[in-house]
Amino acid sequence: MTSPPGTRGRPPASPPDLFTSPGRRHARWHAGVLLAVLLGGLYLARRHWPALESGAGRLAGADQGWLLVGATAALGTWAASALAQQGAVPRRLPGSRLVAAQFAASAVNHLLPAGLGAGAVNLRFLMRCGLPAGRSASALAVKATAGATVRLALIALIAPACPGLLHPPHPTFTTLAVALGALVLLAALPATPWWARCRRALTAVVADIRALHTCPARAAALWGGSLAFAALHSLVVVAVAQAVELPLPPLQVALLYLAASSAAVLLPTPGGLGSLDAALALALTVSGAPGAAAASTVLGYRLLTVWLPLLPGLLVLGVLVRRKAL
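If you're matching positions, the sequence shown starts at 1 in full-length UniProt numbering and goes up one per residue.
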């Protein structure tokens, strides 16, 4: 049998190298990222294991009915986050994968500071759904802006019903110095080379917010999801407080949580771990709650929103990566 014309004298083509092919390299990269996230989760759980153990012991004798209410509210936070994310984008997103991405994002968010984990997961998910990188980043910014606005609006709405509960900080030399430094920084921003880029990004976010309000369904999803997300997190804290018999009215507990979570943003720890815990425990104690009950409330909130969903969230992340949804 003769060789086809033009192939005589040529060596046979070697089969593709499975270990250097683009698909295999892509799979190895995904496996490496997933392994790093899992190791980070194990390290985080090991580092905070004493707090987890003591919190579980204190909550063992708590009212199980209220804890079930808190757990149900915690489950609802991921659906609310998915609803808000859907409202921030113009196209229809796959519902089940969107909720799964929010669940995975909440787990990764406790491994990286300042919301970088959740932002990275959601950015990757939106890009996989066909949105360009710029539009995906703008959608995340729109969602974050709506969330912050809703949180501040809830504080302003509840604060008159709890007079004297929130006190403005007393001016000290440190706070005045920080405020002066912030003003100097804001005044110097227009002279920086990246000011134009920041201004363009801010303009794009404002334009997207205006555009989504031309569609009532999108606006309702964005603001309704953001409101439900903040309200459900507050309900988790209130339910745990009721379970451990914290001697504070539920409305005050919700207001203190909203104020503490807003203040914790200024210290970008992973998932607010440490900053939110300290701010919320201090706020509850200063408002008249016993230290043990305040600590149990914070630990119970963390168990329901962080530690119990952490491993399932990382497993969902692995499934999404394996199915190339991220």
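Where is the CB? At the ideal position from N, CA and C, for every residue including glycine.
### Query
Just curious, the alpha helix (DSSP H) that residue 60 is in, first and last residue?
From DSSP, residue 60 is part of no alpha helix (DSSP H); its letter is neither H nor E.
### Query
Does the distance from the C-beta atom of residue 295 to that of residue 260 stay below 7 Å?
Not closer than 7 Å, so no.
#### Entry: Nearest to residue 311 (by Cα), restricted to the options 76, 96, 105
Checking every option, the nearest Cα to that of residue 311 belongs to 105.
### Message
Tell me whether the stretch 284-293 and the stretch 84-97 touch, counting them as touching only if at least three CB pairs, one residue from each stretch, are closer than 8 Å.
### Response
no
### Query
Quick one: is residue 275 buried, meaning 16 or more other Cβ sit within 10 Å of its Cβ, or exposed?
buried
### Query
What did DSSP end up calling residue 285 once you bin it into helix, strand or coil?
helix
### Task
Measure from the alpha carbon of residue 67 to the alpha carbon of each residue in 238, 78, 262, then state which is nearest.
238
### Query
Going along the chain, which unbroken runs of the alpha helix (DSSP H) with 4 or more residues stay wholly within the stretch 85-146?
95-108, 116-128
### Task
Return the Cβ separation of residue 164 and residue 140 in integer angstroms, given the expectation that the two are a contact with Cβ distance under 8 Å.
That belief does not hold up - the Cβ atoms of residue 164 and residue 140 are roughly 37 Å apart, past 8 Å.
### Task
Step through the CB atoms of chain D and report whether any lies within less than 7 Å of the CB of residue 90.
No chain D is present in this structure, which holds just one protein chain.
### Task
Count the other C-beta atoms from every protein chain shown that fall within 10 angstroms of the C-beta of residue 329, then say buried if there are 16 or more, exposed otherwise.
What is shown of the chain runs 1 to 326, which leaves residue 329 out entirely.
#### Entry: Residue nearest to residue 90 in terms of C-alpha spacing, selected from 158, 129, 241
129
### Task
Consult DSSP for residue 292 and reduce its assignment to one of helix, strand or coil.
Here residue 292 sits in helix by DSSP.
### Message
Contact between the stretch 230-244 and the stretch 300-320 is defined here as three or more beta-carbon pairs at a separation below 8 Å; is this criterion met?
### Response
Taking a cut-off of 8 Å on C-beta distances, the stretch 230-244 touches the stretch 300-320, as three or more cross pairs fall below it.
#### Entry: Simplified DSSP state of residue 163, which is helix, strand or coil
coil
### Task
Taking only the alpha-carbon atoms, compute the straight-line gap between residue 69 and residue 232 and give it to the nearest angstrom.
10 Å
### Message
In whole angstroms, give me the CA-to-CA distance for residue 258 and residue 150.
### Response
10 Å
### Query
With respect to the alpha helix (DSSP H) encompassing residue 237, which residues constitute its N-terminal and C-terminal limits?
Segment 216-243, the alpha helix (DSSP H) holding residue 237.
### Task
Identify the continuous alpha helix (DSSP H) that holds residue 308 and give its terminal residues.
308-322
### Query
Would residue 80 be called buried (16 or more neighbouring beta carbons within 10 Å of its own) or exposed?
buried
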